[in-house]
Structure formats: C-alpha cells, structure tokens
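So the number in my numbering is just where the residue sits in the sequence shown, counting from 1, plus 10. First comes the structure, then the notes that go with it.
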Amino acid sequence: MPETDLTDDEKTIFNDEWSLLLTRHFRYREVMDIFEDHRDSILEAAKIAKYELDASFGGANARTNEFGWMPILPQHLLTGHEVIDSYADVTWDTYINTSDVVDTTLGGMGWKAWIGDSGTNYKLSKYCTMIVIGFADPVPVPKVDAILAKIKSTDYPVWYFGDRLAETDYHVMELTQPFVVEREQEFYLQKHCIRAGRDSLRPLGIMYAKGDYMRDKGAYGSY
Numbered sequence: 011m012p013e014t015d016l017t018d019d020e021k022t023i024f025n026d027e028w029s030l031l032l033t034r035h036f037r038y039r040e041v042m043d044i045f046e047d048h049r050d051s052i053l054e055a056a057k058i059a060k061y062e063l064d065a066s067f068g069g070a071n072a073r074t075n076e077f078g079w080m081p082i083l084p085q086h087l088l089t090g091h092e093v094i095d096s097y098a099d100v101t102w103d104t105y106i107n108t109s110d111v112v113d114t115t116l117g118g119m120g121w122k123a124w125i126g127d128s129g130t131n132y133k134l135s136k137y138c139t140m141i142v143i144g145f146a147d148p149v150p151v152p153k154v155d156a157i158l159a160k161i162k163s164t165d166y167p168v169w170y171f172g173d174r175l176a177e178t179d180y181h182v183m184e185l186t187q188p189f190v191v192e193r194e195q196e197f198y199l200q201k202h203c204i205r206a207g208r209d210s211l212r213p214l215g216i217m218y219a220k221g222d223y224m225r226d227k228g229a230y231g232s233y
C-alpha cells in the first residue's frame with residue numbers, strides 16, 4: 011500500500027501518546043499486550059493513513075487540517091451511512107438466538123452477518139483508515155469461536171479462535187497478521203455462533219480519521 015513517512019514531530023506525537031492511548035481506553039493487560047505486539051504495524055498504518063487522507067498526523071487532538079487516532083468504536087462500523095437511531099448502533103452488545111446457532115443460510119452452520127454482509131459490504135468512510143489487530147469478547151462465556159472476512163476482493167481463511175478466546179482470563183484473540191482497511195474500501199465480517207446468549211464481540215485496533223470527523227457527533231459511520 012502507498013504510504014507517506016511521518017515527520018520527526020509526528021513520530022514524537024505517536025510515541026508520546028502511545029501509552030496514554032492504551033491506558034485511557036483499556037484496563038486489561040491481555041489487550042494492551044496485543045497492541046504492544048503490533049506497535050510497528052500500527053505505525054505503518056499511520057503512514058498509509060497520512061498518504062490516503064493527505065494530512066499531517068495530529069494525534070488524539072487532531073485539528074481540522076490533520077488526522078488523528080482513536081480505538082475502533084461501534085459507531086464507526088455498525089451504522090453504515092444511516093443516522094444513528096438505535097441502541098444497537100452504539101454498542102458491541104448483541105444477543106445471539108438459538109436459531110442463529112443452527113442457521114445454515116450463509117453456508118455451514120451458525121454463521122451470522124456481523125459487520126456488513128456478503129450482499130451489501132460495509133464501506134469505510136472516506137475520512138478514515140483502519141487497522142485491526144485482533145478481537146475481544148468481554149462476556150463470561152464467549153458465544154463466537156471464529157470470524158470470516160472479505161476485504162476488498164480478498165477472501166481470507168476462517169480465523170478460528172480455538173482456546174485463545176475461551177481459555178484466557180479476558181477473552182482476546184490476536185491476529186497473526188493484522189489487516190488494514192483503506193479509505194472507502196469495502197469489506198464484511200461474519201461471526202460463527204456456537205451458543206445462544208448475550209455477546210459483546212468487538213475488533214481491536216486503531217481508527218485513523220480526519221480531525222473534523224473525530225469531532226463530529228453525526229459523522230460516525232457516515233461517508
């Protein structure tokens with residue numbers, strides 16, 4: 011992917027804000043360790059974002075002519091271009107029904123559309139570039155054990171969580187290779203449901219976005 015290197019000042023912002031970005035948003039060491047493992051990849055994604063968004067990196071308090079960073083929020087990915095009008099648009103919490111566990115509509119059994127679907131892909135905002143480094147599911151008993159992704163024209167193998175999600179104190183799964191979704195790129199994620207109940211699966215990663223987008227309450231999920 012094309013990229014533009016960060017200036018020394020921008021690298022200083024990245025390094026100075028790194029630890030605070032994690033500790034302000036995440037409590038659990040398992041999650042922060044995943045971010046630390048992929049720090050270099052997250053820095054590379056910043057260079058891609060700088061090229062795509064044609065702006066300088068301003069960190070967590072990016073100004074109008076800059077781009078900044080924040081953890082991936084549900085408002086970024088669950089609303090599409092629609093106006094937020096439902097509780098489901100602003101939380102990762104969902105309820106998996108027994109019928110979802112035995113559903114064969116998407117092929118196999120238990121596969122359910124999560125972010126976008128194979129018929130209507132989710133299109134990332136033109137003001138954003140995103141990197142995903144793993145997944146977390148902070149419920150007592152996880153209800154999902156695999157993810158299937160298609161990004162642009164690439165079909166990925168099933169990412170099976172195995173005991174990495176079910177048998178950790180805080181349920182996290184680290185991707186072997188993070189993936190970057192570029193501005194206006196289409197993608198979808200499906201999840202494999204293995205039991206009914208409340209689920210809270212969410213992607214772990216960073217959303218790079220223009221400063222105005224980061225401030226605009228109506229911009230989340232908008233083009």
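Glycine included, each C-beta is placed from N, C-alpha and C at the ideal position. All values reported here derive from a predicted model rather than from experimental measurement.
Three-way DSSP call (helix, strand, coil) for residue i in this model
i, result
"Asp165", "strand"
"Arg205", "coil"
"Met224", "helix"
"Phe197", "strand"
"Thr104", "strand"
"Gly172", "coil"
Straight-line Cα distance separating residue j from residue i
i, j, result
"Tyr61", "Leu158", "28 Å"
"His48", "Phe77", "20 Å"
"Tyr132", "Glu20", "30 Å"
"Gly215", "Asp179", "20 Å"
Bounding residues of the beta strand (DSSP E) (the contiguous stretch that carries residue i)
i, result
"Pro188", "182-191"
beta-carbon residue i near the ligand HEM non-hydrogen atom, thresh 7 Å
i, result
"Gln195", "Here there are no bound small molecules, and the ligand HEM is not part of this structure."
Residue burial classification, residue i (beta-carbon count within 10 angstroms, cutoff 16)
i, result
"Pro167", "exposed"
"Leu185", "buried"
"Tyr97", "Its pLDDT being 47, under 50, Tyr97 is placed unreliably by the model, and the measurement read from it follows with that caveat. When all chains shown are included, Tyr97 counts as exposed."
"Pro213", "buried"
"Gln187", "exposed"
Hey, which unbroken runs of the alpha helix (DSSP H) at 4 residues or more fall wholly within the region 106-158? Taken in chain order, the unbroken stretches of alpha helix (DSSP H) that lie wholly in the region 106-158 and span 4 residues or more are 108-112.
Threshold first: 3 residues or longer. Then list the beta strand (DSSP E) segments lying entirely within the region 30-88, N to C. Counting only runs of 3 or more, we get 76-81.
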